[in-house]
Structures are given as C-alpha cells and as structure tokens.
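Reviewing the structure listed below.
Protein chains in written order, with the working numbering: chain A, 1 to 283; chain B, 284 to 566; chain C, 567 to 849; chain D, 850 to 1132; chain E, 1133 to 1415; chain F, 1416 to 1698.
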C-alpha cells in the first residue's frame, strides 16, 4: 500500500512525491486559519504516520493556498472556552487545553524523520509556533512573518517562545520581534537564524527546494538520520556532558546496523545504497 | 503624578518621552565610570520602578555623554576591598560584593517591561555586562565594543560571560573577543548576534530609534508583553518541555485578561486599544 | 626546557612559535585519517600539556598536509570491534569505546588555555567533532566541510551533535547539514556561526592568522584567560543564575591575583605586563 | 451516569466505593502477570478516566487475588520481540516498545487525582515499577517485595530505577535490593521509605485502609489536591527556586477558586464543604 | 554593641543567649498568626542580620506562646487581594504577592549561619513552610503538625511543597500528609525525616536543646560552617558532578583561611579555638 | 591469571574471596590516614580494575586495622600546598588539587560493579566521603562516625556534601551532623539513611556480611547489575522523565543479552546460571 494512502484529511492533503517522501499541504481557505479541529488533524497526521511505522524518511509541510502559509489561530477559537464553576477551574481548563494544543503542534519533534517547513506568503502567529517545532525551515522570497500574539493581548504559548531562544542566534532581535508583533521579512528571519535559506520562485520554488532536500535525506540510512534527529533534540535540552553520555548509550545499539557495511559497500561500488525500513509497518 | 517624577538621581536622568515610556540617561562625566555608588543607583532605579508599580511599559537606557556609553567600572573601585582577617575571609567578602554587584546590574531582567539599551561611542568592560542583561540592544554606527576584563587581569563576572553564550549566535567569535579584549565594531557585534540593529545618526539616531521602538511596545497589552518577557527568560534557562509546561501554567491565568477582547475590538474598529495598568501603583 | 620539548609524536608535530604559544600540526598522510592510535595520541598530547603544567597560554591546531585538515575517522577502524559473547556485550563494549573516543577528542575543553583550530582544504566527519571541541575556529577561504556520518550509516557521536546546538546560531541550517551530509563552504560555516572568520591565503594564511591571535592571547593574564574559558564553558551548560553564582565563587579567589595590579601598572606605564605561570611545571 | 460505569475491562474491575472514589482491582489469575495486553489496559484505564473528565478525586489500586499483588511481567512477553532487519533496528524497536510500556505504567502520574496502591502478598518485578509511579503506597503485614529484574538478566526499565532514588530515603538499602533481587518485607520497605504504612488485616485490611484514606482525600477541594499533586511532582524534578517560581505561576490562577471561601464557610459552619468538579465530563 | 541590639520588633523578640547565638521568639498572641506584616517582619529580621554582617553564628527560632508554634497564615489575609482591572491582572498581582511572601519565608536559606527551628504545640500550615526553609528542625514531644492548606482550598505555595521532596525521606507519607491535611505527631514527623530529633520537656526542653546545639555550632569556624551550609544548599539542587565542581571552586578560596591552623593549634593545645568574624559589621 | 593478582599495593591488600569478588583492605597503620599517596593508590586501584576489564562483579572495601576504618586525611597533607606566585594562583592550584582528590575518591562510581563499604571502629572525616561514593554501606555495631571537617576549619569537599543530600533521608539530621562534627553511632547513621544495616560481630562480622552480599551479587548477570548501577546513578542526577528516556536507550541494546535466556533456562532447571564476562580482559 502506498505511503500516503489514507493520510489525507479534510484540510490537509498528503501525497508521496519521491520514494519515502511525503508532502503535506494545508488547504483551509481562505487563510489556513487553525481551528481546534485543524490542529487536532495536524497533530493526528504526524502521530499516525509515526505510530503506524510507515517507511517515511522525510516530510515537507507547506500551504496549498497561493498567498499565505497560515494566518494563525482561528479567531473564533479564542476567548470562547468552556463555562467553568469558578475562575480557578477556568484557569485549569485553559491549562488542559493549552497542553493538548502544544502536544499537537509539537508532533514533528516526535516523528523519527525530519520535517521540513516550506513557507511563502504570510506566516502569522501560530505559523511561527508550527515551523519552530519543525526540523528545517525554508522560505520563499517575499515571505512575511510576524509573532502576532501580543497584538491579540497574549504571550505566544504553543511553542514560539519555547523554541526560539534555542533555534535562533540573536536574542535581541528575537525579543524585539516578539514584543512588537511587527512584520519581518525572510531576509530578517535568515539573519535571526530562523531559516536555512531563502529561495526564489515563490511557492513553487520553495516547495521544490524542500522536496529536493527531502529526497536527498530519504536516500540516507534511516538509522543514521533518525538517530541524528533524536540526539540533536536531546542536545538542545541537556549539557554537553549529559548529551555525550546519552549519545554513547544510543549509538551502542545503533552502531550494530547493517546500514554501515551497506553504506561502505555502495560507496566503493559507486552505487546507491539500499536500506531496510526502520520498523515493520502496522498497516 | 508623572511616571518619571522623583526617579532621577545623581548620575541618572529619567524622563518620560512617550506615554508609558521612560528614558534613563547615564551622565557621570567624563566617561560614565561605574563606581559602587553608580551601580547601586542603577540597580535601585530599576527595582524602584518595578516595586512601585508605576505604569511603565518600556524603558530606554542610553548615555548623555557625547562620545561614550561607558568606560566600564571605575578603576578606583578595583582592588581596594575591605581589609579582612585572612585570605578566605577576603574571598568571602569578594563573593558577597560580587553577588550584590551582579544583582544590581541584573535588574533589567526583573522588570516586567522591556529594557532597551541604545549605545554609541565606547562600550567597554562593564558596559557589555550592562547591555547583556537588557532585553534589546541597538547601537549607533561607529560604536566600538570591548570585553575589556582580561586586560585588567580578570574574567568578566557581572553578567557578560553568563549571558553571551545564550544571547548570541557564534561561540567561536564570542570566545575570541573575550580572550583578546580587542575592540570590535557595531557590524561585528551584529554578526555575533549581540545587536538587533545598527542605526545611523550617531547618539541622537540610536536614541530616537530606541524610543520609537519603545513607543511601539508601550502601545501593546502589558499583560502580553510582560508575559512574553517572563516566558522568554524562563525559556533561555530551561528545556523546551519544561518551558511549555511553565508557559501553560502562566497563560492559564493570563488568558483571562480583558486585553484580548479589547485587542479584538480595537482591531475591528481600526482604533488604538486602551489597556489598564498591570497593577495599582504604590505611589 | 622548552615548552614544546618532547611533545611531538608519531603523527603530531609540536613547535613553539611565540612565547607561551604551541603549534600542533597533524601529519598522517595522505589525509590525516584518525585511527584509534591517532586519536589517543591527540587526546594524550592535550592532557599531557595540561597535566605537566607547562606554561602554555594558547595552542593552534592545524594540518601539515597541503589539501586536507582531516578526512575523518580511519575507515579501517569502523565496524571491526572486538568479538563479544552476545549482542548486549557488543553494545557495552561499543559504549566503553565511544566514551574513550569522546574523552580524547574532548581534551581541548580540559586545557586551561584556549585551543584555536585553523583549518583548510577538507574538514570531514570527525573533523567537525574535533574543531567543535576547540575554543575558536578559523578557516581558509575555500575550505569545504561535511558532517559526513549519515553517509556512513551512523549519527555523529564524538561531539558534533553535542556541541553544535550550543556553539552555532541557526538550528535549521545545522539540521539540514547534519541530515544530508552535504559539503558546505567556509562562507556557509560562517553563516552557521561555526567560524569566527574566513581567512585569505590558504593554509599558510589561516595558520598565520591563528598564530597571531594566539600570540595576542598569550600576552594576557593567564588567570584572566583561563578563568574566562572555564566560566564560558560552565555558562554554556547552566542557567544564567547558576552561572552567576559559580562565577562569583570562582572570582572570589581569582580576584586576589597579582595580575590585576600588574595590568594596571603596565597600562599606566604603557609597557607590556609580565605574568607568572599559572602553576609550577611538573617537568 | 455513575463514575465507574464502563471502566471495567477484561482483567481490571472498577467500582465506586465512596463518592468520587474508584477502586480498581487487578484480577488476571493466577498471579496478575502483566502481558502487553494487561499493561495497555492498565494505562488506558487511567488515561481514559483523566481524559473523560470524570469527577474522580482518588483511586485505589489493589489485587483481587488472595495471595499476590502481581508476579510482574508475563514471562511469555520477554525475549520475543518482532523480527528486525538488523541488530540496530532490533534495538530501535525495543526502544519504542519500552517507551510505550513506560508510558502505560506511568499513567498514575498523569491523573489529576491521587492514586493509592494497596498491596498484599507478593509484589514482584514490574509490581515495584507500578507502585512507584503511584502517589501513596500501603502494604498489608506479611507482604513480600522483590526488585526481581536482575534475576532475569536485565535492569528494571519501567520506572523502578527512575523513581526509587527520589521517593525513598536510603540509597544504600535501595541499591542492595536492586543488585540482589532478594525478597524484602513490608517492614524493610517501610524503613526504605517506600511505604507510608504497614496495615494489619491482610488484603481486606490494607484495601479498607486505602479506601478510607481515599475517602478522606475525596472530601477535600479538588483544586487544592490536584494542584498539590502537580506541584509535588514538579518539585521532585526541579530545584527549589525553579519550583517556587512554577508554584507561584500555578497558584496565581488557582487561588481564584471558589473552594477557598467555601472551605472557610464550611469550617465556620462546621459542615462538610461541597466542591464543583474540576471540569465538565466529556461523557 | 550587642549582637541582638535593635533587632527585636513588634512580634519577634530577639536576644543573645550565648556568644554569637541569637534566639528569635515569635509572640503574636493568641496563635502567632502570620499577617503580611508579620512575615515581612520575619524576612526583614533575617535579611537585616545578614546584611549588617553581625557576627551571628547560629540562630534559634521558636514561639513564646505556651501552646502553639504557629497556627499559620492570618486568615484575614486570605482572599482579600487588591482589586484588579481583570482576572489576568488579579492573577499577576497574586503572582507578585506570592513571590514576595516566598522571599520572606525563604530568608533563612540566605543567612550565612544555620537557623534551627525549635517547635512545640501546634505547627499548622505556613508553620511547615517556615520550618522547611530552616536548616535544622527539633520538636518537643507532643507537637502536632499539619500541612493544612488543602483544608482551606489551596496548594501550599510558600515552600512546603518545594522543600519536602528534598529534605525528607518518604514520598508516600509526604503525599499522604499533603493530600489529607491530617494532624501528624512529632514521632511521625521523625519517621518522615522532617526532624532531627524529638525532645522531652515541652517548650522549655526543645528550646534548651536547640540553644545548646546552636552554642556548639557557634564555637566552630564560621568559614567552615557557612561554607558547609552553602555547599549543602547547592548540592540539594544540582547533580553530584556539578556540586563537586562548585565545591572545588568555593574551597579554592576558603581553604586559605587562618581557621585551619587555628583549629589545629587549639586541638593540639586542647584549648578552645578563637575565630575572627566572617566580615566586618556595617553597624 | 587470578583476578586479584598484582592489584595489592603498599597500603591496600587485595584478595579474591569468592568467584568474581574482590576484597580490598586498607592497612596504613596506625589509623589509615589518607596521605596524597594513599588516595592516589586507592583511586588507581579502582580505575585499574575497571580499565583492565577484569571480570570483577563486586568489591568489598574494609580496613585491616582492628579499631578504625580511617581517621581521615593525613594531617600532614593539610595546609602545605605548593608555593604560588600570588593568592589567585594558590586558589587555582588548590582547585586543581581538589579535582584530582575528588576524582580518586569518586572512583567507585566509575566501576561497572557494585562497591560495598564494610566499616567498623572509627569513620572520620574523609572516611565519610569515601563510603558515600560507594554503592552500599554496612557498619559493625559500635562504629562511630563523624563529619569532622568543620572541626579543622573547612567544609567537606571530597564528596560528603555532594552525596549526602541524595543518598540519605533526613536533611535536618544531616545538617546537624555536618555543622557540629559530633560523633554519631551506627544506629543514628541507620536512621539518617546512610547505612543499609548494622551488623553484629565487630570487624569480622561486618566484613563477612559484606562478602556474603558481594557473593550473592556476583552470581547475578553482570549485564543486569552493571546496567542497574549505571541507571541508578543517572537517576540520582536527572529528572524522572530524563531517566526513563536514558534507560530506554540503554536497555535497547542491553536487552539483546544472552543472560536473559540463560537466566530463564537456569531458573527452570533450578541450576545456577553461568554468565560471560562483561568484556575481554586486557591482561
């Protein structure tokens, strides 16, 4: 059965563009506003791919809409909230809601393969949370970003502020953008260290670049790539000494892989190596 | 009573330039050398504003002297030290002194509003500690910086080495600058990730840019901005997972703010939102 | 006895180029492949200098080969592994081996003086681990880098993934390079935040620049430089508050140094200060 | 609908013994061996109660079998493991399996109400992991415990070794028990700090004591109890300073509860306070 | 001037019972209820002694009332709270209030000398927070304790839950007590690991035992005792490896003390050693 | 070649008492005072056994002297210290010295097998550091302990203060003992949580009990025991969540051991299982 079979949902179209590569496109016109239903769909997609053990080795996330990646949270979802017996219970219900929301948007981190965000047009509010939790970020020339939350009266709480201090390289600029909610360009995002690269050719250009990158990654040993991802994520959150110990424990098992001799064999033969899936699919 | 009333002191002039915006200018001629008295005054100012609950929403720190932000610590303060009964007690007295000094210079981090450093001319030694503890750093073209401490025979101990690895983006350059005490330009500081931006127009130019930025921030919801500041500071020092949990706990209460409907109302009406102060002033 | 006496070994030549400055050159033709023997030699050199208390104040690491810094691990060392009674014991033996390997390559961090990597040509696989554990990284124009490990079927485990998230400033680019094993230029390494600078003049140029930098550092107070190094390393792995407390404890003793009055005296006299060695040599 | 409705499953019987109190009894004769199916059922029960927002305020876990709490993992589950393409993939599949297993057994920590383990007879291997993840542990006189894993050739990996150093008070005794797999009595478990208390009267006695304790807890404010649980769990894993900050953030919202005036009112009236459920049930 | 001069305040009487030993007695009849004013007084006392550099080497805290250590927070202080513009600002004001309250009650940890709590009668609610932040806890026979907060509808937030998991040795019993708010005896507190000892002789007995203990401590080197306190507090919140590094940095200076030769001299001479104050008093 | 061959040194006698069990006896009359030479010998012994891969599965440490385990550091070693150019260099030399000393005394933690301290008579000062770094502590009836350092004018810096907060269960008692340097009995040590047990029969009794315990451990799977040790040590210094992740990574490899089927086979056959050494000896 094909990799992408049955994965598409109401507002997310999933296709297999190269072997082991999935392309997930957001398409909730007019602006990909994230209602609770959409973010549940989004988190569910990533977790389902991971749980079912499909042999995905890279995934590209983009928007199918011509002018916008996402305008962020669906404003209709703000403020509502279930009625509660008192203010503390309202706070508690909010806490529970936020944890579920964070869990869904944080799903790329739980995938054993890299997730590449390829953005264009507008990337607003929740859009920054979404791409911050991905492994790699590419933007089309002309993309405009904004950490919009303060303009709505709140602090970003779904990942932006948790990730940015660790994935970018200029705390002064980061705070300026987070306090002002002003638009910033792809070039400024690059200077912030948020993006790998800015790509010409609009939406098509950035998606093509991301899929090409995904295709390269998909040819690598999945033991090597998934281990690299796991170790980098651990490294972000631990000291150098703690990470070296964890890495040694991890690779103690992972180095017993057949992918190493296969890689050496293929390099010598100047052929493409062939790697087994990470695990048996549950499908 | 005005925001800035009674805040000016011997060597720091405080004025209110825009609604909710304070401008604090260092003016201890000839070079803003920081004696114990000056840094106590500096830390005291920040803590007093915070404690009294004045409705400040952004503060700009700059120098009133034409050619220098600060030449750093007042050399007369070095080495002296109280007489002590033995070498260990001397060490202990030094430890106590350093903790007080760090506490004063670290005061911007304790403010519920952003502090923007707008520097020009020379930023030497303690000057780097001071701006590192601020939220945002802007420099005039031609500003010269130096992590001067090794030239005086010591390791920087008031914040520079604690902050730099977390607020900049090039550890190799950071270590080069810290080991050599060489001058570096605003452009190199930008490349290091220490600055948001380099601004033309000398002292006036950078101060104007900073005050404009402060004025923008001061129009935002103080619940949103102060929460963003607190969460970013927490994020710098904790793992992603720890920060997400903290953020959810924080926003569980903060999302009950009237600033959200007010923001939505004003956006729809294309008017400027009006926000209550964070808390009642003690004045 | 000279600083460099007796330090050269089979594949590493050590010379004293300026007072208190050592130059260590890798020369295992044709590509400085790191066999177990070479990395043991490398780690042993650093630890021996440190342990013997030689009055070294900076060390430059480079390659004596014209076209390559290092091609990385000696492929002959991969895969072999001692025979083991079962798979778990094989994992355990691998774990022990990795810890020793990490310990050797991590030796620059244990030196009380800065270690500057001056690279040119090719820097492949283990080469990135090696330079990541150094304090400062300079590259010649035209240098090509690659985090090669995924191409061999494994995750980098000797330091690259532990250090990169903390010493560079663009997590997106870092992950892209780690997942694809593609070559990247010195300019891209600079943008990543991996290098202080890119230097013209090929191997000679970058080595000269590194030695000049080392010579500058060697004229500074060794109490100040070694303290700065230790505190920056601590800062990388702890929170701002934890580091400020540690720094105060460290400087409580270190500020009792004669290097401070000597620095002030020399500055006033416009002469070069003279500093005692950090400790008595064991030689 | 009753609290316990629909919660019983193949091997776990759930009843409501007091208002807001559930009693979950393990009954997989002959020894409550935990197959994958049973631990999935166990974790699913806890998560389902939590997710559905049933107004549970305490849960007691015990065994319905006369002589044993649990003999631990079902030996049929050991060793099998899915076939894998190579040793590294086998390690990776094991890792995935362990994480799921840990997640299920760790479910009591995710409940907003206290979980009380009431044990008797034999508590072997996985039994220690299970009770360690609970809030409170009571044992009948004559209960025998053993950290059995080393006797099967492995280190306990589902929670015992993660929890014990933090929930008991004698590391020497803990290590002795973990290294030898010897049986230890309820009295020794009490001395280790593993149990609150040892209760007379066999299985009935300990279950009655646990249900009485649960009934007391169930009369308290659920805002207060769930907050206390959350904060204690945070405290276990963070420094005092980190926890105080988190606690302040948490209680900033939680103190707005109507349970405080209701508690004061009831205390003054010497009546039993009445508290609203934490949140609306999804049932 | 005497050590205790000017330290007594409205509800706290301070006397000097032995050389370098202070005795602080709470006496706000009828039950030492802690109003905001009292806890401010309490925190202020500790910080003032520390800041003024009085040569205090141990302090005993007890209650002057015959039947109670403290009934906890003054109920009049609960619930009130300043009026706020919206629920979020109310949460923020609560947060600020809690941080100040925690800061005051946490003051014993900031003192360079040990603080010994000597309790009798009733120790309720805030009383547990207060003694948890002290170094040593002694109780008279018959003392009754309760973590009362859940009975008032809230989670303890001034230190109890932050300290208990780190200073006691039975997490099961600790949680039972925190969830039920039931009274527990001195014997049970001893079993929990909360107390050093239970002392006969009622209030007089426990105070005498505490003062005797304080007198012993006051005869020791203040460099040694204050260093031990600081290192133990650090150890509680860091890993073993982190603490060993910090301890080495601390003792690098502290071992240069004249207290070592003086101790050796006195031991040889079988006389009482005489130690200089830690630092010059500011009085 | 026998396990113990060549391991005895000047003041430490090593013998093999049971298969895979070593007994190391301290015998530097009259009081096992630890000079630099002795602690180097001690650390060297442990590291040599570990490095050479001898098939040791448990080690018992005791004293050969009839009345004392150790009187602690050799007083002749105190205070001396190498001459240094200034006070800061003296501090730095002290720091280096302390790190080496800590490294030697911390060697039991680096062994892949449990180390059991069996003490009698007097355990003074450094003696507590030594046994705190061991896995298990047993004492003869009548043993007297003291954390002696404050009596010599210093804070314990070789492990006591780093380990005690994590391996015992009563912080109040621990601080009382550390601040007063008073003698405490084996019974009090047991109450502190420092010992597993107190054993009758004097030196012979406790040594016999420890060797019997070691013999039991030596019959277990070394994969299981060494993994348990490593995971417990990690658990002590990390959060529950961090440790569960590490444990899963570790056991992913370790569960592939032949010791599991061999354990099951032997259990079924009611015979003693036979396990391969952890790794090939280097001898």
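Think of the CB as a built atom: it goes at the ideal place given N, C-alpha and C, for glycine as much as any other residue. Remember, predicted model here, so these are calculated numbers, not experimental data.
Using a Cβ-Cβ cut-off of 8 Å, state whether residue i counts as contacting chain B.
i              : result
residue 1627/F : no
residue 1289/E : no
Please confirm if residue i has its CB atom under 8 Å from at least one CB of chain F.
i              : result
residue 658/C  : yes
residue 1267/E : yes
residue 959/D  : no
At the level of alpha carbons, what is the spacing between residue i and residue j?
i              : j              : result
residue 622/C  : residue 425/B  : 36 Å
residue 1172/E : residue 1230/E : 12 Å
residue 377/B  : residue 1490/F : 29 Å
residue 1075/D : residue 1104/D : 13 Å
residue 829/C  : residue 782/C  : 15 Å
residue 799/C  : residue 725/C  : 15 Å
residue 671/C  : residue 609/C  : 6 Å
residue 956/D  : residue 967/D  : 17 Å
residue 979/D  : residue 965/D  : 11 Å
Grab me the residues of residue i's own chain with a C-beta within less than 7 Å of its C-beta, minus the 5 sequence neighbours each way, in chain order.
i             : result
residue 866/D : 872, 1060
Spatial neighbours of residue i within its chain, please: C-beta separation below 8 Å, excluding the five flanking residues on both sides.
i              : result
residue 1417/F : 1431
residue 1244/E : 1182, 1354, 1358, 1361, 1362, 1410
What span of residues does the beta strand (DSSP E) with residue i cover, start to end?
i              : result
residue 628/C  : 624–629
residue 299/B  : 295–301
residue 875/D  : 870–875
residue 353/B  : 351–353
residue 1047/D : 1046–1048
Please work out which residues of its chain come closer than 6 Å, Cβ to Cβ, to residue i, disregarding the five sequence neighbours upstream and downstream, and give them in chain order.
i             : result
residue 591/C : 579, 628, 630
residue 314/B : 351, 354
Can you check whether the C-beta of residue i is within less than 8 Å of a C-beta belonging to chain D?
i             : result
residue 242/A : no
residue 717/C : no
residue 532/B : yes
From the DSSP output, read off the bridge partner residues of residue i.
i              : result
residue 993/D  : 971/D, 1034/D
residue 1660/F : Beta-bridge pairing links residue 1660/F to no other residue.
Verify the CB distance criterion: does residue i have a CB-CB separation below 8 Å to chain C?
i             : result
residue 458/B : yes
Looking at the unbroken alpha helix (DSSP H) that takes in residue i, where does it start and where does it end?
i             : result
residue 101/A : 87–105
residue 773/C : 768–784
residue 160/A : 160–167
Is there a Cβ of chain A sitting closer than 8 Å to that of residue i, yes or no?
i             : result
residue 371/B : no
Return yes when the C-beta of residue i is under 7 Å from any heavy atom of the ligand SAM, and no when it is not.
i             : result
residue 173/A : In the structure on display, the ligand SAM does not appear, and there are no ligands present to speak of.
Contact criterion: CB-CB distance below 8 Å. Does residue i meet it with respect to chain E?
i              : result
residue 502/B  : no
residue 1514/F : yes
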